[in-house]
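Protein chains in written order, with my numbering: chain U, 5 to 430; chain E, 188 to 748.
Have a look at the structure below, then the notes.
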């Protein structure tokens, strides 16, 4: 619910909160009816997300589908969590302040925390835990990369402004940039996106039958091992990698074929080999919808990442057993708190039929209606639209400030959760 | 407000030249004088105790990107075999664990239990400043602050390379301190982190950066002068070139020379005091470095003592961390190039008594502690967690205070070190006054914290009360009482209150016109533009969990030495 008419000129210093690129080179502008639109750049993902924001009044909180005042919804949510033996705090679509708040709720309720997008993030984490890796950031790619190998998926599908973000502009010394799309199914679409942002780049696409095989061969060739079966194209790519001044391998951990861990490990091994003689680094493109922020806050406060149970024996980190899908499949949890404050995040898993506390964007309201199990819905404000905040960008090394774009009355995730927690602990 | 008196303790307050049995009165979070005839509301019998100001760690990696990467890299630091570490029994403590990579919450509890009341993160990446402030905001009890890393961002290197007006470079540095809400400025492997991005593998103090053609000497000289002129209390904090390299004493001495008489604080010097003598071409240059420190009053140091056992090294020095990554134990590591501004390398490490190199490192650190004459210019650190976790400070204090204990430890090491180290012949034992200087009074002075690190009237009542025991390790591990701003926060090694600490930051003067240059640089490389990069006071307050803001005014003085 807007109380002041939002400004109809582009907002200064706005940051787009709708994917992990957290673009700061676009802005937002409202029309006279209070409908926001992206200006200064095109992004289908942001535009789709912004379509959920208008000046319409927000729905009220609800308990079991019936509208209730906020304090009653808070009581019901707390009661539901007091009765739960093992809740999952999932989704985790929010900002750092929200994460600080749900950390306390996790402790009070003995919950497991896991983000909606955590399959890819967990694969990336497991490789980190096993062997580490070498990474780079958007500005480094823009400034240094002369070869970018995109592995396994078309990153522009989910992160439409990626190429704009890493395209060198006229202020940098001109340099040749080669881009290779390796095992990217929708290569033509990605070529079109690249052509728009980086018209001078040379783009080649290599289709692969088996991505794991392909990058295993590449890794071996880069290490100058004999691979009889290697094709000319594979040898040429390995040579190109060995000759690059600053090679970037870019992948989306959530879009790699399974086992994603194996693919990432091979890619990091390739980077490691290259770094013995030249420079190379990886860019792992994931962590949208608050997943990266949730991972960071959980790790710094407790020492352990997501998929950790705040259990009676201690903090039990288990990247397999404590994932959302595994917990649901095992019937391990008896309550689900789902946090999704941008509206564009995944909805609570459709197959979850148990107790639900949905702390979400107003557009999620219908999902807490008509359920047989106890259901609480609390609408919340959106960081980066309704209030300021912070989210981590994909590479984890940059924490972006989010600003409010309009005034409205809904509480933030942090405020709602901070009301629930003391009532659970009591 | 109520008044508390600590009665009958030996008050060791070297900043005020006090070492005497006397009462210490506290009111409204401050040390006060009791009015004649005034009766305190509460008296604590501190007979047979030693009272010091709260400890101040001026170099401890307690918050920010690389610390959190270390946590992600080492889940095993939070398990005992297959079992999770047990949760804290104290209901005041949140679940937060770990040994060399503890969570921020555990970090605050463990420091406070030892009588420390402030810790400073020495390597804040400018583009990651908010993250560092968030993590430090989640350090309970402790005051905190950070040094922003400079001297490897393409913008400043380019300005030095182009021979731009010094004043404009100084404005960039002033602006960066202001925008990141930094307490000080650190340079890590001057120019070397950037050079590694251009595939340079080594950079001596007078060698040129492969791309920008500037030398570490240029970088150190420029930054040290800027820090002086901006009026920062803390001198330029320097992680010198060639960390860990045999023979690096030459670059360490050259770095001191590069200061051109400006003040400089050389950090974790144990890693920078190696010679090339002996059969292994790796020897102690501790005496050479100590001689240089003794001879140059503009230089202060912290040691970065190593402690045997498992730890993890987290550094901005990608060039050197990459070179040392093959030594990782367990065998895994993380590196990153960050935003044309910095880098980070996280390499787990296990220091072993039976290793010649590790034993030598251990001895070098202690030699430095014992050979530097002015205790006000040497600070007790393990470069947590790089040399070892901060929880080993009580052990380190005993090594410094107890020659018998020290020699016992030395005898357990690699035989060449046990028999050949000059340490065996060093008879100095630090006394309690010197320990108080090395762990609170000295760092407070080096940071310009006027109301911390001492117990004079008007000082903040950050106080540690230790039971005087012959076993100094036991004594310093669990103070009887610890007060933070007058509030009892720990008693006999148990947390009893969890206030939120404050954040120290400097407020230098600079010409705002520099924002145009920075906006151009941001557009060029796609880094944060000045409008977004600047952290406001309100935002800092949110990051710091609404702890007190502790700004430090800086006076610009052009041409200051």
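Every residue gets a Cβ at the ideal spot worked out from N, C-alpha and C, and that includes glycine.
Where the alpha helix (DSSP H) containing residue i begins and where it ends
i                      : result
residue 383 of chain E : 379-384
residue 288 of chain U : Premise fails: residue 288 of chain U lies in the beta strand (DSSP E), 283-288, not in any alpha helix (DSSP H).
residue 603 of chain E : 602-607
residue 695 of chain E : Element bounds for residue 695 of chain E: n/a, residue is neither H nor E.
residue 549 of chain E : 543-558
residue 396 of chain U : Looking at the DSSP string, residue 396 of chain U is not in any alpha helix (DSSP H); the run it does join, the beta strand (DSSP E), is 393-396.
residue 405 of chain U : Looking at the DSSP string, residue 405 of chain U is not in any alpha helix (DSSP H); the run it does join, the beta strand (DSSP E), is 403-406.
residue 194 of chain U : 191-201
Residue interval of the beta strand (DSSP E) (run including residue i)
i                      : result
residue 70 of chain U  : 70-72
residue 668 of chain E : 668-671
residue 179 of chain E : Nothing about residue 179 of chain E can be read from this structure; chain E reaches only from 188 to 748.
residue 33 of chain U  : 31-34
residue 498 of chain E : 496-502
residue 529 of chain E : 529-538
residue 364 of chain U : 359-364
residue 312 of chain U : 312-315
residue 383 of chain U : 379-383
residue 675 of chain E : 674-678
Straight-line gap, residue i to residue j (C-alpha atoms, nearest Å)
i                      : j                      : result
residue 315 of chain U : residue 209 of chain E : 48 Å
residue 615 of chain E : residue 651 of chain E : 25 Å
residue 190 of chain U : residue 159 of chain U : 10 Å
residue 585 of chain E : residue 172 of chain U : 56 Å
residue 770 of chain E : residue 404 of chain U : No statement about residue 770 of chain E is possible, as the shown extent of chain E runs from 188 to 748 and does not include it.
residue 416 of chain U : residue 512 of chain E : 43 Å
residue 125 of chain U : residue 637 of chain E : 46 Å
residue 237 of chain U : residue 518 of chain E : 33 Å
residue 731 of chain E : residue 189 of chain E : 28 Å
residue 367 of chain U : residue 15 of chain U  : 24 Å
residue 3 of chain U   : residue 121 of chain U : Within the shown structure, residues of chain U are numbered from 5 to 430, placing residue 3 of chain U beyond reach of any answer.
residue 630 of chain E : residue 243 of chain E : 6 Å
residue 356 of chain U : residue 219 of chain U : 37 Å
residue 414 of chain U : residue 202 of chain U : 41 Å
residue 572 of chain E : residue 495 of chain E : 12 Å
residue 307 of chain E : residue 63 of chain U  : 46 Å
residue 741 of chain E : residue 692 of chain E : 10 Å
residue 52 of chain U  : residue 207 of chain U : 29 Å
residue 336 of chain E : residue 342 of chain E : 13 Å
residue 277 of chain U : residue 226 of chain U : 7 Å
residue 420 of chain U : residue 301 of chain U : 18 Å
residue 186 of chain U : residue 46 of chain U  : 26 Å
residue 509 of chain E : residue 324 of chain E : 31 Å
residue 583 of chain E : residue 493 of chain E : 9 Å
Residues sharing a beta bridge with residue i, DSSP
i                      : result
residue 162 of chain U : Answer is none; residue 162 of chain U lacks a bridge partner.
residue 244 of chain E : E:306
residue 209 of chain E : E:196
residue 236 of chain E : E:654
residue 318 of chain U : U:315
residue 445 of chain U : Because chain U is modelled from 5 through 430, residue 445 of chain U falls outside the range shown and cannot be assessed.
Query raised in the report: Mind pulling the beta strand (DSSP E) runs of 3 or more residues that sit fully within the region 276-343 of chain E?
Result: 303-311, 330-336
Report task. Jot down the residue ranges of each uninterrupted beta strand (DSSP E) in the region 81-146 of chain U, minimum 3 residues, whole runs only, in chain order. Result -> 91-97, 136-139
**Report entry** Touch test, the region 329-340 of chain E against the region 266-274 of chain E, Cβ-Cβ under 8 Å, three pairs minimum
**Finding:** No, because fewer than three Cβ pairs between the region 329-340 of chain E and the region 266-274 of chain E fall closer than 8 Å, the two stretches do not touch.
Query - Contact the region 223-232 of chain U vs the region 172-181 of chain U: 3+ CB pairs below 8 Å - result: no
Query raised in the report: So, do the region 483-503 of chain E and the region 452-466 of chain E have three or more beta carbon pairs nearer to each other than 8 Å?
Result: yes
**Report entry** Length-filtered (4 minimum) alpha helix (DSSP H) runs lying within the region 328-356 of chain U
**Finding:** 328-334
Query raised in the report: Which runs of the beta strand (DSSP E) fall wholly inside the region 207-257 of chain U and span at least 3 residues, in chain order?
Result: 250-255
Requested in this report: Jot down the residue ranges of each uninterrupted beta strand (DSSP E) in the region 454-491 of chain E, minimum 3 residues, whole runs only, in chain order.
Outcome: 486-489
Query raised in the report: Just checking, does the region 601-619 of chain E make contact with the region 529-548 of chain E on the three C-beta pairs under 8 Å criterion?
Result: yes
Query raised in the report: How about the region 655-671 of chain E and the region 246-258 of chain E: do they share at least three Cβ pairs that are nearer than 8 Å?
Result: no
Query raised in the report: Three or more beta-carbon pairs under 8 Å between the region 146-158 of chain U and the region 680-698 of chain E, yes or no?
Result: no
Query - Cβ contact (3+ pairs, closer than 8 Å) linking the region 713-725 of chain E and the region 381-401 of chain E - result: no
Query raised in the report: Any contact of the region 646-664 of chain E with the region 232-240 of chain E, i.e. 3+ C-beta pairs under 8 Å?
Result: With three or more CB-CB distances shorter than 8 Å, the region 646-664 of chain E counts as touching the region 232-240 of chain E.
Query raised in the report: How about the region 242-252 of chain U and the region 279-289 of chain U: do they share at least three Cβ pairs that are nearer than 8 Å?
Result: yes
Query - Touching by the beta-carbon criterion (3+ pairs, under 8 Å), the region 457-473 of chain E and the region 432-445 of chain E - result: yes
Query raised in the report: Do the region 348-359 of chain E and the region 406-424 of chain E make contact, defined as three or more Cβ pairs closer than 8 Å?
Result: yes
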